[in-house]
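Colleague: Residue numbering for the first sequence follows the working numbering, beginning at 5 and increasing consecutively.
Take a look at this one; I'll ask things after.
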Amino acid sequence: MRSQLAQPATEVAPLLLGARLTSVVGPGTVSVEITEVEAYEGEADPASHAWRGPTARNAVMFGPAGHLYVYRSHGLHWCLNVVTGGVGTATAVLLRAGRVVEGDEIARLRRGTHLPSSRLARGPGCLAQALGATGALDGADLLTGAGPIRLTMPETPPGETARGPRVGVSRAADVPLRWWIAGDPTVSAYRRSPRAPAPAAD
DNA sequence: GATTTGATTCTCT
DNA sequence: GAGAATCAAATCC
Numbered sequence: 005m006r007s008q009l010a011q012p013a014t015e016v017a018p019l020l021l022g023a024r025l026t027s028v029v030g031p032g033t034v035s036v037e038i039t040e041v042e043a044y045e046g047e048a049d050p051a052s053h054a055w056r057g058p059t060a061r062n063a064v065m066f067g068p069a070g071h072l073y074v075y076r077s078h079g080l081h082w083c084l085n086v087v088t089g090g091v092g093t094a095t096a097v098l099l100r101a102g103r104v105v106e107g108d109e110i111a112r113l114r115r116g117t118h119l120p121s122s123r124l125a126r127g128p129g130c131l132a133q134a135l136g137a138t139g140a141l142d143g144a145d146l147l148t149g150a151g152p153i154r155l156t157m158p159e160t161p162p163g164e165t166a167r168g169p170r171v172g173v174s175r176a177a178d179v180p181l182r183w184w185i186a187g188d189p190t191v192s193a194y195r196r197s198p199r200a201p202a203p204a205a206d
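Next comes the structure, spelled out in structure tokens:
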């Protein structure tokens, strides 16, 4: 499976739709089925953290595929990425949303309120929170099966998928590197970054 | 060394 | 629809 992930993020991203991410941190097991992802193409992608080259924060992205890259956004939220490509290639796939398929009660507990199931993991920060994932998991190997968090590729195609521009990025905002499962209620609504330049007129 | 921004989300108007 | 909350890393002087 690791070889499957050792491809450019743009190749791996659609493959991750329908994949299952399972965390066993804290009080119990929570599994989510990925419904929305975004690809980041490393140093060639101005929207990627790796755009300026290797740093202490993004070091994991330059490592081997199949590891988890976790970073904090706005000081509040944790965001989860699957590292793809080979060593030295800083491509990664951001996990934006998912559907809780196991550990529903635990996820609901972490999210704090009695939300409908479709909102437990809608959005990158919410997904991480539902799984109990934090910066402590940065660099974790998703494929050993022994770690606190692991990834299982889908056995069957997820059905109809859609593709469009990435959410919230201020650079390269119009590049269609986001994939999601069409019609899924857990997919977050598209919101353009307030800092992004106006979209190119037709 | 100080300043600014960010792959966000929630709440109030 | 707009603004606040809040930490760290990158950038600038």
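Backbone N, C-alpha and C define an ideal beta-carbon position, used for all residues, glycine too.
Is L84 helix, strand or coil when you go by DSSP?
Modeller: Correct three-state label for L84: strand.
Colleague: Residue range of the alpha helix (DSSP H) that V16 falls in?
Modeller: Unbroken alpha helix (DSSP H) run through V16: 13-20.
Colleague: Considering only the beta carbon of each residue, do A23 and P128 sit closer than 7 Å?
Modeller: No.
Colleague: Quick one, which of E109, F66, R123 has its alpha-carbon nearest T93's?
Modeller: It is F66 whose Cα lies nearest to the Cα of T93.
Colleague: List, from N- to C-terminal side, the alpha helix (DSSP H) runs of 4 residues or more that fit wholly inside the stretch 148-205.
Modeller: Entirely contained in the stretch 148-205, not one alpha helix (DSSP H) run reaches 4 residues.
Colleague: When the distance is taken between beta carbons, is A69 closer than 7 Å to T88?
Modeller: Cβ atoms of T88 and A69: closer than 7 Å.
Colleague: For W184 versus P18, is the C-beta spacing smaller than 7 Å?
Modeller: It is not a contact, given that the beta carbons lie outside the stated cut-off.
Colleague: Would a C-beta distance cut-off of 7 Å place A125 and V104 closer than the cut-off?
Modeller: Contact: yes.
Colleague: Can you list, in chain order, the residues of its chain with a C-beta nearer than 7 Å to that of E106? Leave out the 5 residues immediately preceding and following it.
Modeller: Correct list, in chain order: T33, V34, S35.
Colleague: Checking 7 Å against the spacing of the C-beta atoms, do L84 and V97 come in under that value?
Modeller: Contact flag unset, no.
Colleague: In the DSSP assignment, find the unbroken alpha helix (DSSP H) run with S52 in it and report its ends.
Modeller: First-last for S52: undefined, no H or E at that position.
Colleague: State whether the stretch 136-144 contacts the stretch 157-172, with contact taken as three or more CB pairs (one from each stretch) at a distance under 8 Å.
Modeller: Contact between the stretch 136-144 and the stretch 157-172 is absent, because fewer than three Cβ pairs lie under 8 Å.
Colleague: Per the DSSP calculation, T39 is bridged to which residue(s)?
Modeller: Beta-bridge pairing links T39 to no other residue.
Colleague: Output the distance between the C-alpha atoms of V28 and H81, rounded to the nearest integer angstrom.
Modeller: Those two C-alpha atoms are separated by around 19 Å.
Colleague: Quick one: what does DSSP say V64 is sitting in, helix, strand or coil?
Modeller: Residue state, collapsed to three classes: helix.
Colleague: With a Cβ-Cβ cutoff of 7 Å, do A43 and L146 count as a contact?
Modeller: Contact flag unset, no.
Colleague: Can you give me the start and stop residues for the beta strand (DSSP E) that P144 sits inside?
Modeller: Looking at the sequence itself, residue 144 is Ala, so the reference to Pro does not match. Here A144 belongs to no beta strand (DSSP E), and DSSP marks it neither H nor E.
Colleague: Could you tell me which residues DSSP pairs with V29 in its beta bridges?
Modeller: For V29, which the question treats as bridged, DSSP gives no partner whatsoever.
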